[in-house]
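Quick note on the numbering used here: the sequence shown kicks off at 6 and runs consecutively. The beta-carbon is built from N, C-alpha and C at its ideal position, and this holds for glycine as well. Below is one structure, written out as structure tokens; the observations come after it.
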Amino acid sequence: MKKWKQKAIVQKIISYLPLSHKINYIFQKYVTKGVTLSDEYLFDRLGHARDHIKGYQKYSKKAIPAICLEIGTGWYPIVPISFFLVGADRIYSVDISLLTSKERLHTTLQKFVECEKLNQFKQYIDYLPNRYGIILNLLANYSSFSLDEVLQKLNITYLIEDSRKLSLPDNSIDLVNSNNTFEHIYPNILIPILKEFRRIVKKQDGVMSHFIDMSDHFAHFDNSINIYNFLQFSDKQWKWIDNSIQPQSRMRIYDYKQIYNDLNIPISEEIFRVGNLNELKEIRLAEKFANKPIEEIAKSHCHFISNMKAIV
Ligand SMILES: C[S@@+](CC[C@H](N)C(=O)[O-])C[C@H]1O[C@@H](n2cnc3c(N)ncnc32)[C@H](O)[C@@H]1O
Numbered sequence: 006m007k008k009w010k011q012k013a014i015v016q017k018i019i020s021y022l023p024l025s026h027k028i029n030y031i032f033q034k035y036v037t038k039g040v041t042l043s044d045e046y047l048f049d050r051l052g053h054a055r056d057h058i059k060g061y062q063k064y065s066k067k068a069i070p071a072i073c074l075e076i077g078t079g080w081y082p083i084v085p086i087s088f089f090l091v092g093a094d095r096i097y098s099v100d101i102s103l104l105t106s107k108e109r110l111h112t113t114l115q116k117f118v119e120c121e122k123l124n125q126f127k128q129y130i131d132y133l134p135n136r137y138g139i140i141l142n143l144l145a146n147y148s149s150f151s152l153d154e155v156l157q158k159l160n161i162t163y164l165i166e167d168s169r170k171l172s173l174p175d176n177s178i179d180l181v182n183s184n185n186t187f188e189h190i191y192p193n194i195l196i197p198i199l200k201e202f203r204r205i206v207k208k209q210d211g212v213m214s215h216f217i218d219m220s221d222h223f224a225h226f227d228n229s230i231n232i233y234n235f236l237q238f239s240d241k242q243w244k245w246i247d248n249s250i251q252p253q254s255r256m257r258i259y260d261y262k263q264i265y266n267d268l269n270i271p272i273s274e275e276i277f278r279v280g281n282l283n284e285l286k287e288i289r290l291a292e293k294f295a296n297k298p299i300e301e302i303a304k305s306h307c308h309f310i311s312n313m314k315a316i317v
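What follows is the structure, given as structure tokens:
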């Protein structure tokens, strides 16, 4: 049996167990080796942080977003720490469960320092030396701080709550962002979340910036399949394969654009990867994908920036 199918079966079983996220972490750490903080992962997310800030500067005409909100913290909060380093006053990060830990935060901070020492950092983030100093001080006495104290020193507030109903006031956030998270949220949840973002983002000069990875995530783990493999299944079949720990909605770029359009959220800039038509042609597409333009189906990653000033 192919590796991705074995992983799908194990994750499906885990998803029915209590503490499923913890068990999944252990499974991914020791079996699939999918949770290591690799250089590739770090640089990818640093690139996201850089592009969020650039988008913010372009549309708000301000240098630094004072108040930021990220949805989907995950295991390693690279983007929130990057916002701290450039000078943000408050960074909220929302998740449905607390996946990070004091140990994983330590790993992340150490990785930032390694990166800085190798001079690889400045090309992504124009960080403030005093903020970097705070990280060095934290690491020097790391064991004496609790997770809450570490987060407090980094101006980060974790919100473990339903993103459809956030405990934040209207017009209070300068930059709303997400990183490789929307693809895990089905439209019945994503639509109310985007409505909530529209409520909390500042309408005067706020910006939204979302990175979406539309590739089949099982292909990141099993190189015998390509990034379009999951498009061969009907919705009914996919329901059996997909799991609630790391769901994949399989939405394509046109689905997201339709939602933005329906909610009257502007897409001021749309950046995407064209994907690989040859690989896509290897897959016998399920009907719901087969009758769409092949170039649209092939797009594998996208980044939407919204100037919320343009909201009517
Ligand atoms: C693949 S991880 C991405 C983590 C991180 N942003 C990154 O760049 O690697 C997706 C995250 O989104 C979170 N998530 C999924 N649905 C969510 C929702 N409705 N509200 C908040 N977070 C959600 C998951 O718990 C998970 O931590």
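Residue i versus residue j - alpha carbon distance
i	j	result
residue 129	residue 146	27 Å
residue 75	residue 117	19 Å
residue 192	residue 307	17 Å
residue 87	residue 131	9 Å
residue 272	residue 316	10 Å
residue 195	residue 186	10 Å
residue 20	residue 40	17 Å
residue 282	residue 299	8 Å
residue 61	residue 6	46 Å
residue 266	residue 14	36 Å
residue 26	residue 104	7 Å
residue 217	residue 301	14 Å
residue 111	residue 151	11 Å
residue 72	residue 176	11 Å
residue 115	residue 141	9 Å
residue 241	residue 261	21 Å
residue 264	residue 35	38 Å
residue 219	residue 16	20 Å
residue 209	residue 160	24 Å
residue 109	residue 173	27 Å
residue 154	residue 162	11 Å
residue 398	residue 164	It is not possible to answer for residue 398, since the shown part of the chain is limited to 6 through 317.
residue 276	residue 149	43 Å
Status (buried if at least 16 other CB within 10 Å, exposed otherwise) for residue i
i	result
residue 214	buried
residue 225	exposed
residue 169	exposed
residue 113	buried
residue 247	buried
residue 80	buried
residue 295	exposed
residue 236	buried
residue 171	buried
residue 188	buried
Three-way DSSP call (helix, strand, coil) for residue i in this model
i	result
residue 163	strand
residue 49	helix
residue 40	coil
residue 118	helix
residue 213	strand
residue 87	helix
residue 124	coil
residue 309	strand
residue 178	strand
residue 143	helix
residue 268	coil
residue 156	helix
Spatially closest choice to residue i from the options, by CA coordinates
i	options	result
residue 96	273, 70 and 121	70
residue 125	189, 63 and 44	44
residue 90	289, 138 and 11	138
residue 56	6, 94 and 311	311
residue 211	202, 217, 218 and 219	202
residue 269	302, 136, 29 and 199	199
residue 178	206, 292 and 10	206
residue 9	232, 293 and 254	232
residue 318	29, 103, 136 and 252	In the structure displayed, the chain extends from 6 to 317; residue 318 sits before or after that span and is not available.
residue 49	314, 83 and 73	83
residue 251	183, 190 and 51	190
residue 102	303, 244, 280 and 24	24
residue 221	107, 58 and 288	288
residue 54	309, 304, 184 and 245	184
residue 292	63, 238 and 162	238
**Any heavy atom of ligand 1 within less than 6 Å of residue CB: hits in chain order** = The answer, residue by residue, is 50, 76, 77, 78, 79, 99, 100, 101, 102, 104, 168, 184, 185, 186, 189, 190 and 194.
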